[in-house]
Amino acid sequence: MTDQGIKSRPIYATLRRDSSGRRHLYVSAGSGPPPDALAQDGLESWTVAPTTCEGTLPRPEGVGERRFRSTRYLMETLGRRLAGERMGLRLYVEGPEDFLWDVYGVAQAHGLGRQEIFLKQSGTLARRVQCVHCKTFNEGVTTTIVRCAGCGANLFVRDHFSRRLSAFQGVKIDAEQPGDVPQAERAYP
Amino acid sequence: MILDGTLPARVAGIDSLSPTLKRFRFEPERGCFPTAAPGAHVLVTLRGPERVWKNAYSLVTPPEARDAYAIIVRRVEESRGGSHFLHDHLRPGDRVEIGTPASLFPIASLARRHVLIGGGIGLTPFLSFLPVLRERGAAFELHQYCTDAETETFGRLLAEAGGAVTIHGSTSRRSVAEILADQPLGTHVYTCGPERLMAAVEAAALDLGWPSHSIHKESFGGAEGGKPFSVRLARSGRSIAVSDTQSLLEALEAAGIEAPCLCRGGACGVCLTGVIDGEVEHRDHVLTEAERADGKLIATCVSRARSDALVLDL
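Line by line, the protein sequences are chains A and B.
Residues in the first sequence are numbered consecutively from 1, following UniProt numbering.
Residues in the second sequence are numbered consecutively from 1, following UniProt numbering.
Shown next, in the form of structure tokens:
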């Protein structure tokens, strides 16, 4: 049930430095260091380190290293930063799929194109699921079937991923036979 | 969609813009011309007493103009004769055939800013960009490089078009790299003009880290002459001579062969034809280095033979 044969799903490669760029910014939803293939001179590295791990992480060392207390704060800062950026930037993004495409959306809104953004999925496979009926976003879904937090429908989590919404689509599984809902399986840990 | 066929038209007016530049206005024999995309060009068929030219020219009329098309042509001393014919023989009222417009040089719809860099008569496709960019309220700047003698001529053309325009004469000019440095994210650059200018624009943009998708070049040069050679057509067994002022495509057309073509400037690849034997002098902008080295394809509109003869899969 985890592979539904949908060909439009994004495929992610490992991150490598694109030497045609002049400035390089790595943005991660986690708090780990950038991959070695990126970590050369002049890489800026923005990570998210929740307050709970502030005392446990080593101090930032690199010149361009910056930590944010939340992804939301990182996202807002990124928007302001890109608004003043010039041509020549390359953006590398690492994290769960919804984070990748949220960042992609911010970057695209500021003029970056697909030759300038590189994405790598890591961390949880939990899905943001949009209910196609009431449009509610259900965050962190790990199961094949989920009750919509908005309308209460039993949603089948399709592999159909929207890059624009950074979300998978959930459709009512018991539309033909109301109440006929199979057992949900944990599929997206 | 690429429309086929030609549009019968008449020369409605000829304006002399400078000693070497003329603007030709064509009106349709019947009805309206099709709407052209910004940056579109048309093939104009010129029937001289001894030969026929089919030359591609950018439309300088606004894309929505359907009552008339206009082109601007420079009279080139060392030309294959097409520009001489236009300048010296074409008169108002003369009939011409115009191909349906095609654009290989569109405005990038996702761009957030547009930098247009023209060189000499390479300004022409931008004259159809400008009304569209202004109407869309797009952020743009236009830089026109030309000789000091022509700054006034191009200034007048651009005064009609309006917009954020800088004209760079030969004695005082900003470098392309200066123009491209410090452009915001989402900027696209478009260039049309001499090969050296376009190569400089591309090199400067790449050096500043611009992705290749944001660099657009229009090769308007068309065919240049060269050493005469002959071609043999493998399928029909015919042999055709290509003179020093003719392109291979023109020689094929003169022999009555319906060879495919679109831009006639080595930019679109529609005319690529298989080469069975002989060495090609590649002058197109379509084939990759590997394909050139392979020598199995020729862009008939611009490329010629390095050997005395070619055998084509035609």
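Cβ atoms here follow ideal geometry from the backbone N, Cα and C, with glycine treated the same way.
Sequence-ordered contacts of the stretch 174–187 of chain B with chain A read Leu180, Ala181, Asp182, Gln183, Pro184, Leu185, Gly186 and Thr187 [C-beta pairs closer than 9 Å]. Classified as buried, A/Asp98 has 16 or more neighbouring CB atoms from the shown chains inside 10 Å of its CB. Linking B/Ala204 to A/Gln169 through their CA atoms gives a straight-line distance of about 44 Å.
Contact between the stretch 85–97 of chain A and the stretch 112–120 of chain A is established, with three or more Cβ pairs separated by less than 8 Å. Pairing B/Ala37 with B/Pro106 gives a Cβ-Cβ distance under 8 Å. Counting only runs that start and end inside the UniProt domain "FAD-binding FR-type" (4–108) of chain B, the alpha helix (DSSP H) elements of at least 4 residues fall at 82–88. Excluding five sequence positions before and after B/Gly119, the CB atoms of its chain that fall closer than 6 Å to its own CB belong to Tyr145, Gly193, Pro194 and Leu197, given in chain order. Burial of B/Lys22 is indicated by the presence of at least 16 other C-beta atoms within 10 angstroms of its C-beta.
Here the alpha carbons of B/Leu123 and A/Gln40 stand approximately 42 Å from one another. Chain-ordered, the chain B residues with CB closer than 7 Å to the CB of A/Glu116 read Pro211.
Boundaries around B/Arg196 are those of the alpha helix (DSSP H), Glu195 to Asp207, since no beta strand (DSSP E) includes it. Contact between the stretch 180–188 of chain A and the stretch 73–85 of chain B is absent, with fewer than three C-beta pairs closer than 8 Å.
In the structure shown, the three-state DSSP call for A/Gln130 is strand. In this structure, A/Glu185 places its C-beta atom within 8 Å of the C-beta atom of A/Thr143. Here A/Thr47 has Ser28, Ser31 and Arg67 as same chain residues with Cβ atoms under 6 Å from its own Cβ, once five neighbours each way along the sequence are excluded. From the beta-carbon of B/Leu90, no residue of chain A is found nearer than 9 Å; the closest lies around 44 Å away.
Excluding sequence positions up to five before and after B/Arg174, its CB lies within less than 7 Å of the CB of His168, all in the same chain and listed in chain order. Fully contained in the stretch 121–204 of chain B are the following alpha helix (DSSP H) runs of length 4 or more, in chain order: 124–136, 151–161 and 176–180. For A/Leu78, there is no enclosing beta strand (DSSP E); the enclosing alpha helix (DSSP H) has its first and last residue at Thr71 to Ala83. Taking the Cβ atoms as the reference, A/Leu15 lies roughly 14 Å from A/Glu44, outside the contact range of under 8 Å. Taking CB atoms only, B/Leu142 has no neighbour in chain A less than 8 Å away. Unbroken alpha helix (DSSP H) stretches of 4 residues or longer found wholly inside the UniProt domain "2Fe-2S ferredoxin-type" (229–314) of chain B: 248–254 and 289–294, given in chain order. Residue contact with chain B for A/Gly21: present (Cβ-Cβ distance below 8 Å to some residue of chain B). By the 16-neighbour rule on beta-carbons within 10 angstroms, B/Glu29 is exposed. Taking 8 Å as the cut-off, the beta carbon of B/Asp244 is found no closer than this to the beta carbon of B/Gly265.
Around the beta-carbon of A/Asp102, 16 or more other beta-carbon atoms lie within 10 Å, marking it buried.
Taking each of B/Arg47, B/Val11, B/Ile117 and B/Gly99 in turn and checking the Cα distance to B/Gly93, the smallest one comes out for B/Val11.
Distances from the CA of A/Gly140 to each of A/Asn154, A/His160, A/Asp159 and A/Ala167 were compared; the closest alpha carbon is that of A/Ala167. The stretch 79–117 of chain A is shown to contain whole beta strand (DSSP E) runs of 3 or more residues at 89–95, in chain order. DSSP places B/Gly118 inside the beta strand (DSSP E), whose first and last residues are Arg113 to Gly119. Taking 8 Å as the cut-off, the Cβ atoms of B/Val60 and B/Ser128 count as close.
The Cβ atoms of B/Ser239 and B/Ser247 do not sit closer than 8 Å to each other. Between the stretch 31–50 of chain B and the stretch 83–97 of chain B there are three or more C-beta pairs closer than 8 Å, enough to call the two in contact.
Flagged as an interface residue toward chain A: B/Arg112, by a C-beta distance shorter than 8 Å.
Taking the C-beta atoms as reference points, B/Leu312 is found nearer than 8 Å to B/Ala234.
For the stretch 77–110 of chain A, the residues whose beta carbon sits under 9 Å from a beta carbon of chain B are, in order, Leu82, Ala83, Gly84, Glu85, Arg86, Met87, Gly88, Leu89, Arg90, Ala107, Gln108 and His110.
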